[in-house]
Amino acid sequence: SGQEFSALAFTETLKPDDFIFSNHRCHGHYLAKTGDVNGLIAELMGKESGTCGGVGSSQHLCHKNFYSNGIQGGILPVSAGMALSSKIDGNGSVGLVFIGIRFKKKIIIKKFLFLEKSRIQIQKIAVNKALKLIMTILT
Numbered sequence: 027s028g029q030e031f032s033a034l035a036f037t038e039t040l041k042p043d044d045f046i047f048s049n050h051r052c053h054g055h056y057l058a059k060t061g062d063v064n065g066l067i068a069e070l071m072g073k074e075s076g077t078c079g080g081v082g083s084s085q086h087l088c089h090k091n092f093y094s095n096g097i098q099g100g101i102l103p104v105s106a107g108m109a110l111s112s113k114i115d116g117n118g119s120v121g122l123v124f125i126g127i128r129f130k131k132k133i134i135i136k137k138f139l140f141l142e143k144s145r146i147q148i149q150k151i152a153v154n155k156a157l158k159l160i161m162t163i164l165t
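Number 165 marks the last residue of the sequence shown (this note's numbering); no jumps.
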């Protein structure tokens, strides 16, 4: 569907300390960030050797500054908090957020207002309805 290409294109520019938040279709994003094929497959099979001990599955992966959540748009508030934390810490980390297209616009507007008030820059927003994906880079 093209999501894998966008994941590769964006994650190639990230440093190890940069973070990614993804949605319920996160496998390509996860692999692009971590390269952990065995951990992902074990996680999907519910094995203890999986990335999250076999209990997270696709909906709740977290590994090497990669986080996913199955609630559409639900990761934006968490990613905004992570961006604020990075700004306060002064570590220069960049956040990349992949959001599915079916989210509540209210959440997005509120979080963008929060980011603006927190003086967190939104470097780029790419919207592609054909891919049903929104990518936001926070610094």
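Where is the CB? At the ideal position from N, CA and C, for every residue including glycine. Given the structure is predicted, the values throughout are model-derived calculations rather than measurements.
Annotation for Ser105: Phe47, Gly121, Val123 and Leu164 place their beta carbon closer than 7 Å to its own, counting only its chain and skipping 5 residues before and after. Note on geometry: alpha-carbon atoms of Thr39 and Ser119 lie some 12 Å from one another.
Between the region 79-92 and the region 48-63, the count of Cβ pairs shorter than 8 Å is three or higher; the stretches touch.
Proximity to Pro103 across Lys136, Thr60 and Ile67 peaks at Lys136, based on C-alpha coordinates. Runs of the alpha helix (DSSP H) spanning 4 or more residues and lying entirely within the region 63-118 occur at 63-70 and 101-115, in chain order. Relative to Ala68, the option among Asp44, Gly76 and Asp62 whose CA is nearest is Gly76.
Gly121 carries a strand assignment under DSSP once its states are collapsed to helix, strand and coil. Beta-bridge analysis with DSSP links Ser48 to Ser94. According to the DSSP assignment, Leu40 belongs to no alpha helix (DSSP H), since it is labelled neither H nor E. Short of 8 Å from the beta carbon of Asn49, and not among the five residues preceding or following it, lie these beta carbons of its own chain, in chain order: Ser94, Asn95, Gly96, Gln98, Ile101, Phe124, Ile125 and Gly126.
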